[in-house]
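Below is one structure, written out as C-alpha cells; the observations come after it.
2 protein chains.
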Amino acid sequence: MSITADLIRGHTDTIILAHLLHGNSYGYQINKAIQDKTAGQYELKEATLYTAFRRLEAAGYIYSYWGDEMTGARRRYYSITPTGREAYFRMRAEWEEAKTTIEKLLEDNDHGR
Amino acid sequence: MSITADLIRGHTDTIILAHLLHGNSYGYQINKAIQDKTAGQYELKEATLYTAFRRLEAAGYIYSYWGDEMTGARRRYYSITPTGREAYFRMRAEWEEAKTTIEKLLEDNDHGR
DNA sequence: CAAAGATACCTTGACAGGCGAGGTATCTTG
DNA sequence: CAAGATACCTCGCCTGTCAAGGTATCTTTG
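So, in C-alpha cells, the structure goes:
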C-alpha cells in the first residue's frame, strides 16, 4: 500500500477492466489478483472496489450476475462488455499520453540557465 | 487540456515544486511555463494552482513574498524551501514507483490461458 | 480617450473518487 | 465453538479539482 491514493486515482476503473479482459471474475478475486501482481504493494480498498463496480456497470462497461456456487459465500461475477473493451483501450492510450506529459512536467530540467 | 484531471491528480504539487527548483517564480508565470512545456496539452486551472500554493506553503515546502514591481500588476513570488526540495525528490521517487505499479496493473497480459 | 485584452491575483461552492468504519452471511480449521 | 478466511455491501467523511465569479493594473487599438 506504499503507493499513495492520489497517484492511483483515476486508474481504478482501468485496472478492473484490465482484469476482466481475460475472463469473468468476482470482487474478492480481482482484489487478490491485484495484490499478487504488485507483491502486496498495492491493494484496492473494498469500498473503492465496489464503488467502481457500480460506476462501471452504470457506464455499461461491465455487467454482473450472481454465481451459482453450491458451497461457500455467494459471489457476484462481473463480465466486460464490448463497450468496456473499447473503454479499456482508450483509457490505456490516455494513460500513455498522461505519462509522457507528467514525465515532462516533473523533470528537474535546468536548460538555459 | 486533453489530459484528464484524475490522471494528473496528485501531481500538481510536484509539478509546482519542480518549477521552483531552478528559481523563484510567480503563479501566472508558472502556469504559462507548464502550458509551454506541454505545448498547450495541459494547463493547471487557476483555482487549482492557488489552492496548491496555499497547501504547499502550509506544509512548509514553499514560502511567498510580494514582488516590488514598479509597473504592471503586483506579483506574489514563491520560493522553494530545503524541506520542499526534499519533498520534491521524495515525490518523484514515489511517482517512479507508482508508474511501475500502474503499468503492471494496466497490462493486458494473457499469461497462462 | 474609451474599450478590449493581457497580465496578475484571489475566493466560494459544488463535485467526484477514495476509503475508514461498520455491517452481513457462509465455510473451514484448530 | 471460536477464529479466521471468504465474500458481499453501505454510509459518511476527506481531499483535490475546477467552474464561476471577482479585483486591479497596464497595453494596444480603433
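Here the protein sequences come in this chain order: A and B.
All letters in the first sequence, in the order written, are residues 29 to 141 by our numbering.
All letters in the second sequence, in the order written, are residues 29 to 141 by our numbering.
Cβ coordinates follow ideal geometry from the N, Cα and C atoms, glycine included.
Quick caveat: nothing in here was measured; it's all calculated off a predicted structure.
Rounded distance between the beta-carbons of A:Arg104 and A:Asp54, thought under 8 angstroms: The sequence shown places Tyr at residue 54 of chain A, rather than the Asp named in the question. Sure, about 6 angstroms apart at Cβ, within 8 angstroms.
Skipping 5 residues on each side, what residues in its chain have a beta carbon closer than 8 angstroms to that of A:Thr42? Tyr116, Met119, Arg120 and Trp123
Environment of A:Met29 [buried if 16+ CB atoms lie within 10 Å]: Model confidence at A:Met29 stands at a pLDDT of 47, short of 50, so the residue's coordinates are unreliable and nothing is read from them.
Once DSSP output is grouped into helix, strand and coil, what is the label at B:Arg104? strand
Starting from the beta carbon of A:Gln63, find every residue of chain B whose beta carbon is closer than 9 angstroms, and list them in chain order. Result: empty, since nearest Cβ-Cβ is about 11 angstroms, beyond 9 angstroms.
Against chain A, does B:Trp94 count as a neighbour if the rule is that its beta carbon must be under 8 angstroms from one of theirs? no
If you run the structure through DSSP and keep just helix, strand and coil, what is B:Tyr116? helix
Sorted by chain position, which residues of the same chain lie with C-beta nearer than 8 angstroms to B:Gln63's C-beta, five sequence neighbours on each side aside? Tyr70 and Glu71
Going straight from the alpha carbon of B:Arg82 to that of B:Tyr91, what length do you get? 10 angstroms
Tell me whether A:Tyr89 sits in a helix, a strand or coil according to DSSP, three-state version. coil
Just to confirm the assignment, what range does the alpha helix (DSSP H) spanning B:Asp41 have? Thr40 to Leu48
Secondary structure of A:Tyr54, DSSP reduced to three states: strand
Would you say A:Tyr54 faces chain B, with C-beta separation under 8 angstroms as the test? no
With a cut-off of 8 angstroms, does the C-beta of A:Leu48 fall near any C-beta of chain B? no
In chain order, what residues of the segment 69 to 82 of chain A put their CB closer than 9 angstroms to some CB of chain B? Gln69 and Tyr70
In the DSSP output, what is A:Trp94 paired with across the bridge? A:Arg104
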